[in-house]
Amino acid sequence: MKLKSVLRRLLYGLAGLAIAFLLVLLFRPAPVPVTVAVAHRGPLAVTVSEEGKTRVRSRYRVSTPVAGRLLRMDLTAGDRVQQGQMLAQIDPLPLDSQVQSAQARLRELQAQLAGVDTQRTKPAALQQAESRIQGAQAAQRQAEARMAQAEAALEQAQRDRQRADDLHQRGAIARQDLESADLLEATRARELEALQREAEAASTEVAAAQDTLMILQAEQRDPDYLVDVYSAQIASVEAELANLADTADRTRITAPTTGHILRVFEESAGYVEAGTPLLELGDPQQLELVIDVLSTDAVRVPVGAPVWVDRWGGPDRLTATVRRVEPSAFTQVSALGVEEQRVNIIADFDQDVPLGDGYRVDAQIVVWESDSSLQVPVSALLRCDRPSSDTPGWCVFVVDNNRAQQRAITIGQRSTAVEIQAGLEEGETVILHPTEQIASGRRVSS
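For the sequence shown, position 347 (counting from the first letter as 1) is numbered 354 according to this note's numbering, and the numbering increases by one without interruption.
Structure (structure tokens):
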């Protein structure tokens, strides 16, 4: 009896333990399914990823140097041209007409300038006037000399009459002698008057001859202003002709360099203004890569940084090298309507590429890289509190015996993967994209 009772109790106890075990298995939390990754060493690179665009390094925009009627061009995009080859022609006929008109005006002005000399006084007339002055002056000098002699003779006659008068009063001479002396004085006075009039006439003749010479000399100088006028007009027309000749030369538009035509802006004939773009010229074999990045990313890009080029249309990755970071940023509105300051990064391809001008590519600029870094995917990181600091740090969940264990780590550079500087060992397993269900000690399954 006692044995049966013990066996019964034992069976009941075992049944209870089994039920309790089943209940524990039934109601305990199930393992959380997670995605995991293993911390490993390998190459790691930090990149700035943006869309890029190819561009011909040296491009030339050919424009019309003068206004006129553009003749139709036979060139199309892709045609190869040599330096100096004629690309387009502005109709030169209107310029030819202007040149002929200017040449006719020049000949007319030159003829008018040559005709100025015919309006001048002849040299023989000037010589005759000078000779007349010389003759009049000689006659004046002779008249003045005879007048001086007449004045001396009159003075002598006056003294003789005075003596004769004194002698007659004393009765020394007869009255007839006195009358002779008076007659001689009167004669000498009339002779002097005649010579004075003669001298005055000679002086008038000199003045008249001098006036005539002055008139002739003025007539000689009068056409001088016409020489200046015609000379200035001739210089103006000659400058106009030189300008027209230069303009006529520029109606023939030639290639500034050897290359291919990239784009044609004006295919049909028609009137164009000076400066109208006609075509773009360049060498599509000399391509560069233009990548516009945020200004905050541009400060991290050094000259010489490698660039990886993907999604360009081919199976293999292309490479390039940063040649220049442009010093000036520009404003661009993003797809979300946010204004951004962006900077152009210019890179040169490391190999010949089967691309053309303006092709779109995906570019990754390498700003940091390591050949062997301990790393985990960046999706394994989560923020956590640090006991020794007020700022949060970084943690990961490590899988240990199928249970999650939170662990603080120190990180370095990061891209799609993050560099682990402390807190993890190579080969340890971490949980990716940890959710709120993950906590230290929680069972997980992968």
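We put the CB at the ideal spot given by N, CA and C, even for glycine. Computed from a prediction, not measured in an experiment: that's the story for all the values here.
Reduced DSSP category for residue i - H, G, I as helix; E, B as strand; rest coil
i, result
"Ala411", "strand"
"Val316", "strand"
"Ser452", "strand"
"Met154", "helix"
"Ile260", "strand"
"Asp229", "Confidence is the limiting factor: at Asp229 the pLDDT is only 49, short of 50, which leaves the residue's position unreliable, though a coordinate-based value still follows. DSSP places Asp229 in coil when its eight states are reduced to three."
"Thr265", "coil"
"Gln293", "coil"
"Glu433", "coil"
"Arg16", "helix"
"Glu466", "In the structure displayed, the chain extends from 8 to 453; residue 466 sits before or after that span and is not available."
"Asp378", "strand"
"Thr417", "strand"
"Glu274", "coil"
"Asp369", "strand"
"Ser422", "coil"
"Gln89", "coil"
"Gly400", "strand"
"Ile26", "helix"
Expected contact under 8 Å - CB spacing of residue i and residue j to nearest Å
i, j, result
"Arg153", "Leu202", "5 Å"
"Val329", "Val300", "So it is not a contact: roughly 11 Å between Cβ atoms."
"Leu269", "Val55", "Not a contact, Cβ separation roughly 29 Å."
"Ala188", "Arg168", "4 Å"
"Ile180", "Ala193", "About 18 Å separates the two Cβ atoms, so there is no contact after all."
"Ser452", "Asn409", "7 Å"
"Val39", "Arg449", "6 Å"
"Gln105", "Leu343", "That pair is no contact at about 59 Å."
Identified DSSP bridge partners for residue i
i, result
"Tyr67", "Leu288"
"Asn351", "Asp299"
"Ala48", "Residue 48 is actually Arg in this sequence, not Ala. Paired residue(s): Leu381."
"Thr83", "BP columns for Thr83 are empty, so no partner."
"Leu77", "Ile97 and Gly277"
"Pro38", "According to DSSP, which records beta bridges pairwise, Pro38 is partnered with nothing at all."
"Thr338", "Gln348"
"Glu57", "Ala370"
"Arg331", "Ile353"
"Ile438", "Val43"
"Ile445", "In DSSP, Ile445 forms no bridge with anything."
"Arg393", "Answer is none; Arg393 lacks a bridge partner."
Chain-order list of residues whose beta-carbon lies under 7 Å from that of residue i (same chain, five-residue window excluded)
i, result
"Ala143", "Ala209, Glu212, Val213 and Ala216"
"Ala496", "Outside the shown range of the chain, which is 8 to 453, sits residue 496, and nothing can be said about it."
"Phe356", "Leu294, Leu296, Leu325 and Ala327"
Neighbourhood of residue i by C-beta, 6 Å cutoff - its chain only, sequence neighbours within 5 removed
i, result
"Gln89", "Thr265"
"Trp375", "Val53 and Gln420"
"Ala146", "Ala209"
"Leu161", "Arg195, Ala196 and Leu199"
"Leu82", "Ile268"
"Trp401", "Leu388, Ile416 and Ile418"
"Pro441", "Leu389 and Phe404"
"Val244", "Ala109, Arg112 and Leu113"
"Ala164", "Leu191, Glu192 and Arg195"
"Val45", "Thr436"
Same chain, Cβ closer than 8 Å to residue i, five either side skipped, listed in chain order
i, result
"Arg182", "His175"
**Message:** Under 8 Å, with one C-beta from each stretch per pair, do the segment 426–435 and the segment 373–385 reach the 3-pair mark?
**Reply:** yes
**Request:** Could you say if the segment 65–79 and the segment 248–263 meet the contact criterion of at least three C-beta pairs nearer than 8 Å?
**Result:** yes
**Message:** Using a Cβ distance threshold of 8 Å, determine whether the segment 331–349 contacts the segment 271–291, with at least three qualifying pairs required.
**Reply:** no
**Asked** Should the segment 314–329 be called in touch with the segment 362–370, which here means at least 3 C-beta pairs below 8 Å?
**Response** yes
**Asked** Is it true that the segment 392–411 meets the segment 351–365, where meeting means three or more beta-carbon pairs spaced less than 8 Å apart?
**Response** no
**Item:** Validate contact between the segment 346–359 and the segment 286–297 using beta carbons, cut 8 Å, 3 pairs
**Value:** yes
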